[in-house]
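Read the structure below first, then the notes.
Residue numbers (the numbering used here): 51 to 338.
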């Protein structure tokens with residue numbers, strides 16, 4: 051299905067028809083390489099990426115504990131999980147290999163097992179909103195929260211800090227967040243943050259032929275199957291976590307405050323992800 055959508059003309063989206071050579075280096079920063087086991091993982095924020103990053107750290111032996119490589123993914127401290135020094139990503143090849151970088155990437159893409167995990171695109175957005183804007187998060191409040199409040203909440207001078215805003219009950223609503231995503235001005239200022247950037251822009255599925263695409267909705271079975279496929283099921287276990295999962299049945303409730311026209315525009319923005327990864331059109335959200 052994915053290759054069919056990549057090759058036919060029924061759906062167009064930015065970058066669909068470019069070659070791998072045409073992808074700018076800064077857009078390859080989500081592809082983590084483990085040369086020891088011949089694995090490439092494209093991480094997608096809000097899709098169990100912390101646990102898969104832990105596994106990649108253990109497999110690549112990039113974290114030492116008392117001089118010995120850390121063997122337990124669960125023991126990798128959270129502050130190191132997303133630390134770029136723990137992961138060797140494609141965008142860093144240029145520094146190490148210079149003009150041979152792109153050639154080496156293509157060799158590894160041919161030889162290594164490549165995987166990513168996806169989830170329902172709207173549920174991923176809700177999860178990102180809950181995690182970054184429903185809780186006091188200074189970094190996201192400064193970078194995005196204040197912008198959304200100024201632009202869409204009639205707050206010309208929002209509080210200077212997240213804690214102050216939350217103590218006054220001020221934070222962007224989900225509807226305001228959606229309008230921020232739809233506003234052309236947003237991407238003129240900077241590309242979407244990785245937590246809500248479309249998967250096709252993070253992982254380039256029309257340029258990279260993934261060997262395995264897992265789904266968060268069936269994460270446990272998919273993880274078990276993948277670890278066997280990677281031949282590392284005797285080395286690591288996927289950490290079982292009690293997840294605060296955003297449920298797809300909540301979609302209708304979350305979108306109740308979002309005008310119908312905005313919901314339909316949002317679907318257009320994320321339609322490539324729905325179609326490429328086999329998610330049904332969310333009719334309950336898009337039809338009155």
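Even for Gly, the Cβ is constructed at its ideal location relative to N, Cα and C.
Whether residue i touches residue j by CB criterion (8 Å)
{"i": "residue 152", "j": "residue 260", "result": "no"}
{"i": "residue 162", "j": "residue 264", "result": "no"}
{"i": "residue 253", "j": "residue 92", "result": "yes"}
{"i": "residue 232", "j": "residue 316", "result": "yes"}
{"i": "residue 111", "j": "residue 119", "result": "yes"}
{"i": "residue 208", "j": "residue 215", "result": "yes"}
{"i": "residue 103", "j": "residue 289", "result": "no"}
{"i": "residue 137", "j": "residue 82", "result": "yes"}
{"i": "residue 61", "j": "residue 322", "result": "yes"}
{"i": "residue 84", "j": "residue 114", "result": "no"}
{"i": "residue 326", "j": "residue 55", "result": "yes"}
{"i": "residue 212", "j": "residue 179", "result": "no"}
{"i": "residue 306", "j": "residue 336", "result": "no"}
{"i": "residue 154", "j": "residue 172", "result": "no"}
{"i": "residue 250", "j": "residue 63", "result": "yes"}
{"i": "residue 287", "j": "residue 334", "result": "no"}
{"i": "residue 134", "j": "residue 257", "result": "no"}
{"i": "residue 202", "j": "residue 229", "result": "yes"}
DSSP three-state assignment for residue i, whether helix, strand or coil
{"i": "residue 64", "result": "coil"}
{"i": "residue 213", "result": "helix"}
{"i": "residue 264", "result": "strand"}
{"i": "residue 339", "result": "Lying before the first or after the last residue shown, residue 339 is absent from the chain, which here runs from 51 to 338."}
{"i": "residue 256", "result": "coil"}
{"i": "residue 113", "result": "coil"}
{"i": "residue 402", "result": "This structure cannot settle anything about residue 402, because the visible part of the chain is limited to 51 through 338."}
{"i": "residue 89", "result": "strand"}
{"i": "residue 198", "result": "helix"}
{"i": "residue 59", "result": "coil"}
{"i": "residue 220", "result": "coil"}
{"i": "residue 233", "result": "coil"}
{"i": "residue 82", "result": "strand"}
{"i": "residue 285", "result": "coil"}
{"i": "residue 308", "result": "coil"}
{"i": "residue 249", "result": "helix"}
{"i": "residue 97", "result": "coil"}
{"i": "residue 173", "result": "helix"}
{"i": "residue 118", "result": "strand"}
{"i": "residue 168", "result": "strand"}
{"i": "residue 302", "result": "helix"}
{"i": "residue 137", "result": "coil"}
{"i": "residue 77", "result": "helix"}
{"i": "residue 181", "result": "helix"}
{"i": "residue 203", "result": "coil"}
{"i": "residue 227", "result": "helix"}
Selection from the options that minimises the alpha carbon distance to residue i
{"i": "residue 185", "options": "224, 85, 166, 200", "result": "224"}
{"i": "residue 167", "options": "266, 155, 275", "result": "266"}
{"i": "residue 235", "options": "255, 197, 150", "result": "197"}
{"i": "residue 221", "options": "126, 199, 278, 240", "result": "199"}
{"i": "residue 272", "options": "97, 146, 83", "result": "97"}
{"i": "residue 51", "options": "324, 105, 299, 117", "result": "324"}
{"i": "residue 181", "options": "95, 241, 114", "result": "95"}
{"i": "residue 227", "options": "309, 159, 330", "result": "309"}
{"i": "residue 270", "options": "302, 58, 101", "result": "101"}
{"i": "residue 242", "options": "336, 301, 319", "result": "319"}
{"i": "residue 122", "options": "107, 134, 219", "result": "107"}
{"i": "residue 240", "options": "145, 193, 187, 189", "result": "193"}
{"i": "residue 188", "options": "203, 210, 204", "result": "210"}
{"i": "residue 268", "options": "170, 183, 284, 219", "result": "170"}
{"i": "residue 177", "options": "126, 244, 204", "result": "244"}
{"i": "residue 311", "options": "238, 304, 65, 338", "result": "338"}
{"i": "residue 86", "options": "127, 285, 237", "result": "285"}
Heavy atom of the ligand HEM within 7 Å of residue i beta-carbon
{"i": "residue 167", "result": "Of ligands this structure carries none, so the ligand HEM is not represented either."}
Min CB distance residue i to chain D below 8 Å
{"i": "residue 60", "result": "Judged by its chain identifiers, the structure shown contains no chain D, having just a single protein chain."}
**Contained alpha helix (DSSP H) runs [length at least 4] in the stretch 139-166, N- to C-terminal order** = 143-147, 151-161
**Request:** Report yes or no: do three or more beta-carbon pairs, one from the stretch 60-76 and one from the stretch 271-287, lie closer than 8 Å?
**Result:** Two segments are said to touch when three or more pairs of C-beta atoms, one from each, lie closer than 8 Å; by this definition the stretch 60-76 does not touch the stretch 271-287.
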